[in-house]
Amino acid sequence: MASEAQFDAALDLLRRLSPLNVSSNLTAITSLVPDLTEDLLSSVDQPLSSARCKKTGRDYLLCDYNRDGDSYRSPWSNEFEPPLDDATFPSDRVRKMEVEANNAFDVYRQMYYEGGTGSVYLWDLDDGFAGVVLLKKSVAREAGWDSVHVFEVDERRGSGNGGGRTCHYKLTSTVILHLKSGGGGGGGGGDQELNLAGSMTRQVEADLVVESAGGQGKDGGHVCNAGRLIEDMEGKMRNMLQEVYFGKAKDVVGDLRSVAPLTGVNRDRQTQRDVISSMGGK
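If you want the working numbering, it's the position in the sequence shown, counting the first as 1, plus 88.
As structure tokens, then:
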């Protein structure tokens, strides 16, 4: 078994390497220390990949939460590809919620992403259930957005009151963003390429009232509550990326590279110096 020190060192190393190569870096580390494979795959978020369901012909996203060995479960057919003899499936109740959640987030994906791929996977817990909502949007090879929302619903931790029963929800959201710009830069420097990549993780917990929704009653209410939490979290993370991270990157680029011609900048600086010197002579 790999030691805890090896696991911490591997995480520390991955944080310092380029986010663009997280998948290849993860493969390299696990090849050196195979005992870390399961722990790292469940702890490190990496860009999502997709596969096509052979039974329905629909695309679905792959992650550690729908993986069993080398097989992945399709949310559309509820079958593993390649097939497994001893696979673990969600209970009938949780599977019905999974189908409802996939339909709901398919609408969400079309509204917010105008394309892309989305998948929802649920599984049973002793005190309730848990799930993951995956959303991916790529623009050729120039940009990519991957969001992973893992949530847990503790049905025993809530309480009953006059307004209905409440349950405890815990959501951990990660966004992986990659932007690429390049080719034919000016200034005689030849082709120039800019890569901007990184990830952000945020967490929230809330006690929410579970109201009946749709034909599944309270279970439909769970889907609605999880959807509201994820929608609110994605909105906050998008705003933070736009205002904080992209705003700061824009300021840095603006300080490093002047948009105005260099001759004009020098002329303005000389005019400023002349004005200051003339004021000092009075």
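Backbone N, C-alpha and C fix where the C-beta goes; we use that ideal spot for every residue, glycine too.
Since the structure is predicted, the reported quantities are computational estimates derived from the model, not experimental observations.
### Task
Less than 8 Å between the CB atoms is what I'm expecting for L329 and L265, so what's the real figure, rounded?
7 Å
### Task
Hey, could you find the ends of the alpha helix (DSSP H) K338 is sitting in?
334-344
### Message
For S207, tell me which candidate among D215, D214, Q198, L213 has the shortest Cα-Cα distance.
### Response
Out of D215, D214, Q198, L213, the CA that lies nearest to the CA of S207 is found in Q198.
### Message
Within a Cβ cutoff of 7 Å, which residues of the same chain sit near P178, ignoring the five residues on either side of it in sequence?
### Response
E186, L210, W211, D212
### Task
For G273, name the three-state secondary structure that DSSP assigns.
Per-residue confidence for G273 stands at a pLDDT of 49, beneath the threshold of 50, marking its modelled position as unreliable; no derived number is given.
### Query
From which residue to which residue does the alpha helix (DSSP H) around R181 run?
180-200
### Query
To which residues of the same chain is K184 closer than 8 Å at the C-beta, ignoring the five residues directly before and after it?
Q304, D307
### Task
Helix, strand or coil for V110, going by three-state DSSP, please let me know.
helix
### Task
Determine, using beta carbons only, whether L128 and T115 come nearer to each other than 8 Å.
no
### Task
State the CB to CB distance for the pair P107 and G286, rounded to an integer number of angstroms; the pair is presumed to be in contact (CB under 8 Å).
5 Å
### Inter-residue spacing [alpha-carbon to alpha-carbon] between I318 and V341
Looking at the two C-alpha atoms, the distance is approximately 32 Å.
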